[in-house]
Structures are given as C-alpha cells and as structure tokens.
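Visitor: Residue numbers for the sequence shown follow the working numbering, beginning at 186 and rising by one. Ideal Cβ positions, reconstructed from N, Cα and C, are used throughout, including at glycine.
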Amino acid sequence: MRLAQRVSRIQPSATLAINSKARALRQQGTHVVNFGVGEPDFGTPLHIQQAAIKAIRDGHTRYTPVSGIDQLKEAICDTLRNDYGLTYHNENVLVTCGGKHALYNLFQVLLEAGDEVIIPSPYWVSYPEMVALAEATPVMVSCLQTNNFKLHPSDLERAITPSTRLLILNSPSNPTGAHYTRKELEGLAELLLRHPQVLIVSDDIYYRILFSGQEWVSLGMVDEELRSRMFIVNGVSKTYCMTGWRIGYLIGNREVVKAATKIQSQSTTNPTSISQYAALAALRGDQGFVRTMATAFEERCHYVMDRLGELPGVSCPTPAGAFYVFPNFSSFFGKSGKGKLIRDSLALADYLMEHAHVALVPGGPFGEDQCLRFSYALSMEDLQEGFNRISRAIMELS
Ligand code: PMP
Ligand code: GLU
Numbered sequence: 186m187r188l189a190q191r192v193s194r195i196q197p198s199a200t201l202a203i204n205s206k207a208r209a210l211r212q213q214g215t216h217v218v219n220f221g222v223g224e225p226d227f228g229t230p231l232h233i234q235q236a237a238i239k240a241i242r243d244g245h246t247r248y249t250p251v252s253g254i255d256q257l258k259e260a261i262c263d264t265l266r267n268d269y270g271l272t273y274h275n276e277n278v279l280v281t282c283g284g285k286h287a288l289y290n291l292f293q294v295l296l297e298a299g300d301e302v303i304i305p306s307p308y309w310v311s312y313p314e315m316v317a318l319a320e321a322t323p324v325m326v327s328c329l330q331t332n333n334f335k336l337h338p339s340d341l342e343r344a345i346t347p348s349t350r351l352l353i354l355n356s357p358s359n360p361t362g363a364h365y366t367r368k369e370l371e372g373l374a375e376l377l378l379r380h381p382q383v384l385i386v387s388d389d390i391y392y393r394i395l396f397s398g399q400e401w402v403s404l405g406m407v408d409e410e411l412r413s414r415m416f417i418v419n420g421v422s423k424t425y426c427m428t429g430w431r432i433g434y435l436i437g438n439r440e441v442v443k444a445a446t447k448i449q450s451q452s453t454t455n456p457t458s459i460s461q462y463a464a465l466a467a468l469r470g471d472q473g474f475v476r477t478m479a480t481a482f483e484e485r486c487h488y489v490m491d492r493l494g495e496l497p498g499v500s501c502p503t504p505a506g507a508f509y510v511f512p513n514f515s516s517f518f519g520k521s522g523k524g525k526l527i528r529d530s531l532a533l534a535d536y537l538m539e540h541a542h543v544a545l546v547p548g549g550p551f552g553e554d555q556c557l558r559f560s561y562a563l564s565m566e567d568l569q570e571g572f573n574r575i576s577r578a579i580m581e582l583s
C-alpha cells in the first residue's frame with residue numbers, strides 16, 4: 186500500500202516502543218524491571234476517580250465544547266494564577282487529549298515548510314517528530330553535560346536564523362531532570378528579547394515534581410514582554426498520575442488558541458468528557474498528594490544517584506525534578522557481552538533488556554547517544570533489583 190510521505194519522515198516513539206517490548210517480555214512470564222516508561226507508578230487519587238464516576242452518572246457523556254468545558258478552563262486559569270502568578274482567560278486556553286496533543290496542535294498552527302524550530306538537546310523524543318509532521322525543520326542545539334544539559338544563551342544565539350520560528354523549552358526536563366533557575370531563564374530572556382520573531386513554547390508538564398531547594402519558575406514568569414509570544418503546555422498526566430486519561434492544555438495568544446481549536450474541531454473534537462471532569466477535580470481538589478509524590482520521587486532519585494555512582498565510568502548530572510536520570514554510559518562502548526559488540530546506546534539497551542531483563546530507553550532518540558534514560562517511577566524493590574541486575578550485566582562486559 187502506498188503511504189503518504191509524511192509517515193516516512195518520522196520515527197515511532199522510542200519511549201513507547203521500549204514499553205511495549207517490556208510488556209511483551211512480561212507477557213511471556215519474564216520479570217522485567219521497567220525503567221523505560223515515563224509515567225508515575227502511583228494510582229490516580231481516589232477523589233479524582235470518584236469525580237469521573239460521578240460525571241458518568243450525571244450524564245456528562247456527550248460532546249463538550251471543542252476547546253473543553255468552561256469550568257475546567259477556569260480551573261486551569263486559576264492554576265496559572267496561583268502557580269505562575271500569570272493572568273489568563275478562558276479564550277487563552279485549549280484543553281487537549283494530553284500535553285502531546287497540545288504540542289501537536291500548536292505546531293500544526295504555527296509551523297510550515299521553511300520554518301526552523303530550536304530544540305535544546307537532549308530533548309524529549311517526540312519534539313523533532315512532531316515538528317517534522319508540521320513540515321518544519323528541527324534544529325538541535327547540543328547542551329553540555331557539564332552545564333547539566335541546559336541551554337546556554339550563547340548556544341541559542343548561534344542557532345537563531347531569520348527562519349527561526351520557535352524555541353522549545355522543557356523544565357524540569359525529560360530526559361535529564363534538569364530545571365532552569367531564574368537567573369538562567371533571565372539570561373535566555375535577555376537574548377530572546379533581541380530576536381522578536383522567535384516564539385517560545387514552555388513544556389511544563391513536570392512542573393510540580395521539583396526537589397528540595399528548587400524554585401518553580403518558567404520563562405513567562407521572568408519577563409512580561411516575552412509573554413505575548415509564549416505558549417505554555419501542561420496537563421494532568423504526570424502531576425495527578427493520570428497518563429491514561431489524556432488531558433492536557435495549551436495556553437497563550439487567543440488567535441493561536443482559536444486556530445488550534447479549529448484544527449481540534451476537525452480531528453479529535455473534544456477531549457473525553459469524563460476525563461475533563463476528572464481533571465477538574467484534580468485541579469480543584471486537595472493538592473497534598475502531589476507533594477507526597479514529589480517527595481517519594483526525590484527519595485528514589487537519591488537512591489538511583491547512589492547506585493549510579495557505584496558503576497565504574499558512569500557519570501550523571503544530579504536531577505532537580507521529574508523522575509528521570511540520563512547517565513552517560515559511553516565508557517562501555519567498544520566492549521562486548523554475550524558475543525555482541527556494544528557499539529552504542531541502542532546496543533547497550535538491547536543487551537540489558539535481553540540479558541538482564543531491564544528495560545531502559547537508549548539515549549540516541551533523545552539526541553545524546555552516550556546516555557541511557559532511566560525513569561525511576563518504580564518501587565524501591567524494583568529499583569534495587571534493577572540496579573543489581575545492571576551492575577552484574579555491566580561487569581560481564583569486556
Ligand atoms: N512533554 C514531555 C516532556 C513529556 O515527557 C510528556 C510525556 N509523555 C509529555 C509532554 C506529554 O504527556 P501527555 O501527553 O501524557 O500529557
Ligand atoms: N513522556 C513519557 C516518556 O517519555 C511517556 C511516553 C511518551 O509519550 O513518550 O516516557
């Protein structure tokens with residue numbers, strides 16, 4: 186069958202591919218420790234589940250307005266006021282089927298052939314692919330491990346051309362867990378003010394998972410002038426353990442939001458009605474759970490960093506949030522195990538999956554082939570077992 190060219194322009198999601206590989210092994214009865222998938226391991230809090238059941242019982246099972254129900258948009262605006270100190274109105278908000286869909290809609294609205302999108306590398310696997318689907322060109326900008334993989338204004342300046350349309354920032358970051366400080370964002374803002382054609386999308390999906398001593402701050406909070414060309418993407422997936430419910434949102438310029446709503450009206454219509462009521466309960470309800478979860482991730486992060494520190498030749502910047510680490514394993518490249526040469530991150534991830542039954546995402550699809558991505562949203566027992574297996578398998582390489 187002939188397929189449209191755009192299909193061959195993109196790669197399947199590497200994170201989701203690893204997850205399905207791990208799931209397939211599990212179905213065969215193998216106990217896999219899955220560091221692959223990026224989703225909290227906690228269940229959706231009970232009051233959110235109950236709100237969804239109530240929504241069904243109350244008959245909220247029909248189409249909603251394309252851009253989402255008003256109450257949810259109001260709750261999103263209130264969240265922005267409380268957490269960012271920024272004022273937005275319902276017409277600045279589009280509720281989508283997950284944060285990924287918010288980004289997809291935004292790119293469809295803003296980008297076309299000839300446009301360049303600056304993506305600090307390492308990056309979340311889906312950014313370049315979604316940019317390519319919108320026919321624009323992703324421009325990766327390498328960020329140094331010694332700078333915690335964060336974008337420096339001078340790197341950004343070198344990448345900006347007259348065709349630059351958009352910059353994607355993601356903090357706390359997937360895959361590194363790095364978070365930009367206010368001072369670092371001020372440095373980027375100063376530069377961006379000199380390039381008024383560059384729009385910015387701030388992917389804040391991990392913003393509530395920040396560790397001790399970290400301040401929540403994003404670009405729109407450090408400079409008022411930048412706000413008119415800033416888009417915020419967020420959602421309930423990570424903050425409220427609702428990855429399967431598929432609710433995200435896009436916030437920004439109302440003309441752009443209106444255009445994205447038009448695209449949504451011709452694709453998914455509205456996000457699931459029941460999930461919207463659940464998301465409303467999440468945003469309006471008790472937030473205590475979120476703190477508890479972030480503390481649990483921080484404890485696990487300490488454990489993971491300790492165990493990585495025991496592996497010879499492995500280096501890793503300390504994360505400030507989210508639930509990922511992105512250690513450099515390149516000292517093992519060139520060695521062999523079970524008759525196979527470990528040439529790159531993919532070969533190492535395959536070796537660990539096959540021989541240690543540990544699922545990890547290779548760094549290549551995140552733009553940094555020397556690294557492997559670990560999601561540590563796992564129980565302490567699984568983390569211990571996973572690292573025991575990795576240590577043993579790594580020691581067998583020669
Ligand atoms: N941005 C980043 C950086 C992510 O890691 C994810 C996780 N999938 C998303 C956006 C989108 O998440 P979701 O579509 O589940 O809201
Ligand atoms: N964002 C998560 C991850 O990186 C979920 C999977 C995906 O959508 O990529 O693992």
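Excluding five sequence neighbours on each side, which residues of the same chain lie with their C-beta closer than 8 Å to the C-beta of residue 232?
Guide: 466, 470 and 471.
Visitor: Excluding sequence positions up to five away, which residues of its chain have a Cβ less than 7 Å from the Cβ of residue 260?
Guide: If we look at residue 260 and ignore the five residues flanking it on each side, its Cβ neighbours are 465, 468 and 469.
Visitor: Exposed or buried, what is residue 241 when buried is set at 16 or more other beta-carbons lying within 10 Å of its beta-carbon?
Guide: Exposed, because fewer than 16 other Cβ atoms sit within 10 Å of the Cβ of residue 241.
Visitor: Please find out if some non-hydrogen atom of ligand 1 comes closer than 7 Å to the beta-carbon of residue 403.
Guide: Not so, every heavy atom of ligand 1 lies at least 7 Å from the Cβ.
Visitor: Which ranges would you report for the alpha helix (DSSP H) in the segment 353–425 if only whole runs of at least 4 residues count?
Guide: Qualifying alpha helix (DSSP H) stretches, in chain order: 367–378 and 404–407.
Visitor: Can you list, in chain order, the residues of its chain with a C-beta nearer than 6 Å to that of residue 340? Leave out the 5 residues immediately preceding and following it.
Guide: So the qualifying residues of the chain are 326.
Visitor: What does the Cβ neighbour count give for residue 449, buried or exposed, with the cut at 16 atoms within 10 Å?
Guide: Classification for residue 449: buried.
Visitor: Just the C-alpha distance for residue 234 and residue 283, rounded to the nearest angstrom, thanks.
Guide: Approximately 17 Å, taken between the alpha carbons.
Visitor: Cα-Cα, which of 531, 574, 420 and 220 is closest to residue 556?
Guide: Checked all of 531, 574, 420 and 220; the closest Cα to residue 556 is 531.
Visitor: Of the choices 390, 406, 370 and 442, whose alpha-carbon is the least far from that of residue 419?
Guide: Checked all of 390, 406, 370 and 442; the closest Cα to residue 419 is 390.
Visitor: Is the CB-CB distance between residue 434 and residue 278 below 8 Å?
Guide: Yes; because the gap between Cβ atoms is below 8 Å, this pair is in contact.
Visitor: For residue 307, tell me which candidate among 478, 321 and 333 has the shortest Cα-Cα distance.
Guide: Among 478, 321 and 333, the Cα nearest to that of residue 307 belongs to 333.
Visitor: Would you check if the distance between the CB atom of residue 510 and the CB atom of residue 559 is smaller than 8 Å?
Guide: Yes.
Visitor: In whole angstroms, what is the alpha-carbon distance linking residue 405 and residue 297?
Guide: Their backbone Cα atoms lie some 25 Å apart in a straight line.
Visitor: To the nearest angstrom, report how far apart residue 508 and residue 303 are at their CA atoms.
Guide: Spanning the two alpha carbons is a distance of roughly 24 Å.
Visitor: Given this structure, state the Cα-to-Cα distance separating residue 561 from residue 485, to the nearest angstrom.
Guide: Residue 561 and residue 485: Cα-Cα distance of roughly 7 Å.
Visitor: Kindly indicate which residue of 336, 399, 208 and 382 has the alpha-carbon position closest to the one of residue 483.
Guide: Ranking the options by Cα distance to residue 483, first place goes to 399.
Visitor: Taking 7 Å as the cut-off, is the beta-carbon of residue 285 closer than that to any non-hydrogen atom of ligand 2?
Guide: Checking the Cβ of residue 285 against ligand 2 gives yes.
Visitor: If you reduce the DSSP assignment to three classes, tell me which class residue 520 lands in.
Guide: If DSSP states are grouped into helix, strand and coil, residue 520 belongs with coil.
Visitor: Measure the alpha-carbon distance for residue 372 versus residue 342 and round it to whole angstroms.
Guide: The alpha-carbon atoms of residue 372 and residue 342 are separated by roughly 11 Å.
Visitor: Any heavy atom of ligand 2 closer than 7 Å to the beta-carbon of residue 264?
Guide: No, Cβ of residue 264 sits at least 7 Å from all heavy atoms of ligand 2.
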